[in-house]
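Peer 1: Residue numbering for the sequence shown follows the UniProt record's numbering, beginning at 1 and increasing consecutively.
Please see the structure below; I have some questions.
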Amino acid sequence: MTETRIKHIACIGAGYVGGPTMAVIAQKCPDIKVTVVDISRERIAEWNDSNLDNLPIYEPGLKEVVAEARGRNLFFCTDVEGAIREADMIFISVNTPTKTYGVGKGMAADLKYVELCARQIANVATGNKIVVEKSTLPVRTAQSIRTILDAESNGLQFQVLSNPEFLAEGTAVSDLLNPDRVLIGGSEEEGGQAAVRALVEIYARWVDRSKILTTNIWSSELSKLTANAFLAQRVSSINAISALCEKSGADVDEIARAIGMDSRIGPKFLKASVGFGGSCFQKDILNLVYIARSYGLTEVADYWEQVISMNDYQKRRFAENIVNRLFNTVSGKKIAIMGWAFKKDTNDTRESAAIYVADYLLNEQAELWVYDPKVKAERVYADLDYLNTRGEDENRKLVKVVRDPYEAMQGAHAVAVLTEWDEFKAYDWQRVYDDMKKPAFLFDGRNILDRNKVKALGFEFEAIGYRS
Ligand SMILES: NC(=O)c1ccc[n+]([C@@H]2O[C@H](COP(=O)([O-])OP(=O)(O)OC[C@H]3O[C@@H](n4cnc5c(N)ncnc54)[C@H](O)[C@@H]3O)[C@@H](O)[C@H]2O)c1
1 MTETRIKHIA CIGAGYVGGP TMAVIAQKCP DIKVTVVDIS RERIAEWNDS
51 NLDNLPIYEP GLKEVVAEAR GRNLFFCTDV EGAIREADMI FISVNTPTKT
101 YGVGKGMAAD LKYVELCARQ IANVATGNKI VVEKSTLPVR TAQSIRTILD
151 AESNGLQFQV LSNPEFLAEG TAVSDLLNPD RVLIGGSEEE GGQAAVRALV
201 EIYARWVDRS KILTTNIWSS ELSKLTANAF LAQRVSSINA ISALCEKSGA
251 DVDEIARAIG MDSRIGPKFL KASVGFGGSC FQKDILNLVY IARSYGLTEV
301 ADYWEQVISM NDYQKRRFAE NIVNRLFNTV SGKKIAIMGW AFKKDTNDTR
351 ESAAIYVADY LLNEQAELWV YDPKVKAERV YADLDYLNTR GEDENRKLVK
401 VVRDPYEAMQ GAHAVAVLTE WDEFKAYDWQ RVYDDMKKPA FLFDGRNILD
451 RNKVKALGFE FEAIGYRS
């Protein structure tokens, strides 16, 4: 049995997954050269910036890992072909957004970037390669990648593995260092199994072997979609109950504690909120729904689709409530949007609930002042422009992005907390109250503020799943 020892890894895609994942592999395997490539020159320049505060991705602990490995055995560059040629193992870590055109528009994953990678690998490779799907992909994508590679292989041997990434943004580095599990799927032939072993040996440098699961390739691909669907489902489930709490006088946080102590349910992912965001949950569920429908499994598709409907309902409900409480009009009123990132400890804003709440309020002609500790003003405007609800000029006229939280809230009719940043809890809420228009409305979309305290200060306070 010949064992392949990996000496050089390439990763195509230097995004939220490719960057941190490869940084940790490079840190833990100093004898392996890891080259991360991307077509975006700007992103690569940021990864190479000598000031580590300018890395394109903010994740706690990331700059320390990059500082240790970059220039030693971790490299970032735009030479995709060179990296492919040199590598024994190539991770595909490019984006797989929801399709915005053609068949499956709005539902299916757009695999054009993945297919381009497969063709490029096939075209430039001069030796055998192990190709690893790191991107989240529909079940059976490995078959398509394999077909493309084989069609252009010129006699070279390619193995395709599935190794989905389970990191969560905001805790990416600790998730990578201490994963609950690493999942590797490969074909059952000997070549496939040898490739699986080669990848297992890399992770085994720092992950206990009992946590490295090997499965057939379709199970691995489908596990990732299933994991995200289950996680999002828990959020939608508790959010559904939050609406019932607001009507009935029950308190959703108390319910979460009560049910979470049941060891069959467990306490995690039971925090009611304005709704989940992020680049993955919605896209992956839509993809799951699309796949189920394409197999004719209508009930399965409808079941999972409800998770998304409930999330949309929650975001809408939150925004509607702001307008209702502000005497049914927010036109011309200053509202502070605290937090734009989809969750704390990340600068990622993709599908953030804040975008949709802001859009709703802008349709009602509110004047928004946005503060987020990690999100740049250009990003806020780009997110709103992308929706195409109104012109770019109008977005800039109605929305101000500021670097000082107190400036955002000063003179506001209402403050809406949309990201659970820890610093929000530590604000001088007395000062905020004193500086606001009265009645001073405070809407906590993340249930992070001390209710009794802020209510005692005089705020008209609303949280999720709790009747004021
Ligand atoms: N973000 C997460 O938390 C997370 C977690 C687990 C899995 N995933 C999955 O990982 C994949 C990547 O997600 P991400 O958040 O890192 O995306 P991202 O958009 O941050 O990064 C993808 C990068 O790939 C680059 N790229 C696209 N096509 C390319 C090509 N042909 N050659 C070179 N570079 C190319 C883009 O320029 C971009 O920088 C997706 O499938 C996603 O579903 C994401």
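C-beta: ideal position from N, C-alpha, C; glycine also.
Considering only their Cβ atoms, is the gap separating A118 from T149 smaller than 8 angstroms?
Peer 2: Note that residue 149 corresponds to Leu in the displayed sequence, not to Thr. In contact: L149 and A118 (Cβ atoms closer than 8 angstroms).
Peer 1: Give the DSSP-derived three-state secondary structure of I464 in the structure shown.
Peer 2: If DSSP states are grouped into helix, strand and coil, I464 belongs with coil.
Peer 1: In three-state DSSP terms, what is W218?
Peer 2: W218 falls in the helix class under three-state DSSP.
Peer 1: Does T21 come out as helix, strand or coil in the three-state DSSP assignment?
Peer 2: Note: T21 maps to helix in three-state DSSP.
Peer 1: Please report the residue range of the beta strand (DSSP E) in which D284 lies.
Peer 2: Note, D284: premise wrong, no beta strand (DSSP E); alpha helix (DSSP H) at F281 to S294.
Peer 1: Which same chain residues end up closer than 6 angstroms to R467 when comparing Cβ atoms and leaving out the 5 residues on each side of it in sequence?
Peer 2: Correct list, in chain order: E246 and G249.
Peer 1: Please list, in chain order, all residues of the same chain as D79 whose beta carbon is under 8 angstroms from its beta carbon, the five residues on each side excluded.
Peer 2: The answer, listed in chain order, is V37.
Peer 1: Label T141 either buried or exposed according to how many other C-beta atoms from any shown protein chain fall within 10 Å of its C-beta, with 16 as the threshold for buried.
Peer 2: T141 comes out buried.
Peer 1: Can you grab the Cα-Cα spacing for the pair Y371 / T346, in whole Å?
Peer 2: Each residue's alpha carbon lies about 14 angstroms from the other.
Peer 1: Looking only at DSSP bridge pairs, what is H8 linked to?
Peer 2: Answer by DSSP bridge pairing, in chain order: K33.
Peer 1: Could you give the distance in angstroms between the alpha-carbon of V289 and the alpha-carbon of S352?
Peer 2: Cα to Cα, the separation comes out at about 21 angstroms.
Peer 1: Thinking C-alpha only, which one of P138, G71 and E133 is nearest G104?
Peer 2: Ranking the options by Cα distance to G104, first place goes to P138.
Peer 1: Tell me which same chain residues have a C-beta within less than 7 angstroms of the C-beta of L314, skipping the five on either side of it?
Peer 2: For the record, residue 314 in the displayed sequence is Gln; it is not Leu. If we look at Q314 and ignore the five residues flanking it on each side, its Cβ neighbours are N239, V274 and G275.
Peer 1: My understanding is that D284 touches T136, with C-beta atoms under 8 angstroms, so please give their C-beta distance in whole angstroms.
Peer 2: Contact flag correct, Cβ pair sits at about 6 angstroms.
Peer 1: In terms of alpha-carbon separation, which member of N73, G82, Q233 and V402 lies closest to I308?
Peer 2: Closest option to I308, Cα to Cα, is Q233.
Peer 1: Is the beta carbon of K344 closer than 8 angstroms to that of T298?
Peer 2: Not a contact, by the Cβ cut-off of 8 angstroms.
Peer 1: Under 8 angstroms, do K211 and P164 count as touching if we go by C-beta distance?
Peer 2: Their beta carbons are not under 8 angstroms apart, which means K211 does not touch P164 by this criterion.
Peer 1: Suppose the cutoff is 6 angstroms on Cβ atoms and the five residues either side in sequence are ignored; what does the same chain contact list for W206 look like?
Peer 2: Cβ neighbours of W206 beyond the five flanking positions: K28.
Peer 1: Anyone know if the C-beta pair for D348 and S294 falls short of 8 angstroms?
Peer 2: No.
Peer 1: Nearest by alpha-carbon distance to F342: which of D208, P97 and G170 is it?
Peer 2: Closest option to F342, Cα to Cα, is G170.
Peer 1: Please report the Cβ distance between F91 and I184, rounded to the nearest whole angstrom; I am assuming they are in contact, meaning their Cβ atoms lie under 8 angstroms.
Peer 2: Not confirmed; about 12 angstroms, so no contact.
Peer 1: Flag this pair as yes or no: are the beta carbons of I9 and I25 separated by less than 8 angstroms?
Peer 2: Against a cut-off of 8 angstroms, the Cβ pair of I25 and I9 comes out as a contact.
Peer 1: Compare the Cα-Cα distances from D450 to each of S50, Y356, V399 and K425 and report the closest residue.
Peer 2: The option with the nearest alpha carbon to D450 is K425.
Peer 1: Can you give the beta carbon distance from V196 to L161, rounded, assuming they're within the 8 angstroms contact cut?
Peer 2: 6 angstroms between Cβ atoms; contact.
Peer 1: If you measure from the CB of A10, is any heavy atom of ligand 1 nearer than 7 angstroms?
Peer 2: Result no, Cβ not under 7 angstroms from ligand 1.
Peer 1: Have a look at T21, R85 and F443 and flag the residue whose alpha-carbon is nearest the alpha-carbon of L167.
Peer 2: Of the candidates T21, R85 and F443, the one whose C-alpha sits nearest the C-alpha of L167 is T21.
Peer 1: Is the distance from the Cβ of A416 to the Cβ of I322 below 8 angstroms?
Peer 2: Yes, the Cβ-Cβ distance between A416 and I322 is below 8 angstroms.
Peer 1: Using CA coordinates, which residue listed in E115, T226 and E378 is at the minimum distance from F281?
Peer 2: Per the Cα distances, T226.
Peer 1: Would you say the beta carbon of Y113 is closer than 7 angstroms to some non-hydrogen atom of ligand 1?
Peer 2: Yes; taking the cut-off as 7 angstroms, the Cβ of Y113 has a heavy atom of ligand 1 nearer than that.
Peer 1: Rounded to whole angstroms, how far is the Cβ of T126 from the Cβ of F75, which I believe are closer than 8 angstroms?
Peer 2: T126 to F75, Cβ: 20 angstroms. No contact.
Peer 1: For N447, count neighbouring C-beta atoms within 10 Å of its own C-beta (all shown protein chains included) and say buried if the count is 16 or more, exposed if not.
Peer 2: So N447 counts as buried.
Peer 1: Nearest to A382 by CA position, among A408, A366, R403 and W340, is which residue?
Peer 2: Taking only the C-alpha atoms, the option nearest A382 is W340.
Peer 1: Tell me, which residues are paired with K129 by DSSP?
Peer 2: Partner(s): F158.
Peer 1: Straight-line CA distance for A354 to R316?
Peer 2: Cα to Cα, A354 sits roughly 11 angstroms from R316.
Peer 1: Count the other C-beta atoms from every protein chain shown that fall within 10 angstroms of the C-beta of N154, then say buried if there are 16 or more, exposed otherwise.
Peer 2: Flag for N154 reads exposed.
Peer 1: What runs of the beta strand (DSSP E), each 3 residues or longer, lie entirely inside the stretch 374-410?
Peer 2: Runs found: 399-401.
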